[in-house]
Amino acid sequence: MTDAFLVRQSRIISALMIREMNTRFGREGIGFLWLVAEPLAFCFGVLLLWGLTKPAYEHGLRLAPFVMTGYMSILLCRHFIQQASTALQANMGLLHHRQIAPIHIFIARGFLEFLGTTAAFIVVYVALFAVGEVDFPHDPLLLYTGWLVLAWVAQGFALILAGLSMRYEAVERVVPLLSYALIPLSGAFSMASWIPADYRDEFLLIPFPHGIEMIRAAVFGEFVETHYNPGYALMVGTVMVLTGLLLIAVGRPHVDVE
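The C-terminal residue of the sequence shown carries number 341 in the working numbering, and the numbering is unbroken.
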């Protein structure tokens, strides 16, 4: 029974992902490739702008890999949050089907955003590596782990906001503000080592910087000072995921599908 249940859930989520790609990107032109092209274009745009306005090194760090790791990380977080906050409104009609629950829609969108942003990150990295702007990661496993840790934390935060928005309309209005607040709070364009030592521990209570610091440790190597605790970030991310799932479950009766 368990296997049949898992197979059924995976089929529902896969179908929702395909539907989401067709609905959002259409069947004409490059279609679902926009899932990769959008973050790709924005990242290269930011790299170009920073390259024209800033020196080649920032605090002793090479600009291109610093911007790449920071921008793609914040993009991953913001995509999770923004897509989760609008998931139900865009797919309300699907809830008429008895087999489809809100959590299916959130998981499908989460997987889609993760795959698209991950593919864009790989393409950006390969492109910059080809032109000599970045080196091969010093620790590929740490890079993969940091990216997954960051995605887990972002998904947990997104599910909490989604669960709250099911009951309180005002939450949807503050989601864009929270997305912008993540820019300084996540450490996407700063390093934990730049924070004064007296305040660093408090800053690292925020779970987002840990994944980004892991990514940068993997890219820059041991000669760049980084601070991270993957166990702490995973623990907080798990608590947020469970809290978000609980909020979505109790918020289901408040969703009007008429």
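Cβ atoms here follow ideal geometry from the backbone N, Cα and C, with glycine treated the same way.
Asked	Found
Under 8 Å, with one C-beta from each stretch per pair, do the stretch 150-168 and the stretch 271-289 reach the 3-pair mark?	yes
For residue 282, count neighbouring Cβ atoms within 10 angstroms of its own Cβ and tell me buried if that reaches 16, exposed if not.	exposed
Taking residue 229 as the reference, give the member of 325, 311, 89, 87 with the closest Cα.	311
Go ahead and label residue 150 buried or exposed: buried means 16 or more other beta carbons lie within 10 angstroms of its beta carbon, across all protein chains shown.	buried
Counting beta carbon pairs with one atom in the stretch 184-195 and one in the stretch 284-300, are three or more of them shorter than 8 Å?	no
Between the alpha carbons of residue 104 and residue 193, how many angstroms are there, rounded?	12 Å
With distances taken from CA atoms, which of 148, 288, 246 is nearest residue 214?	148
Residue 249: which of 333, 102, 127 sits nearest, CA to CA?	333
State yes or no: is the C-beta of residue 240 within less than 7 Å of the C-beta of residue 196?	no
With a threshold of 16 other CB atoms inside 10 Å of the CB of residue 152, please say whether the residue is buried or exposed.	buried
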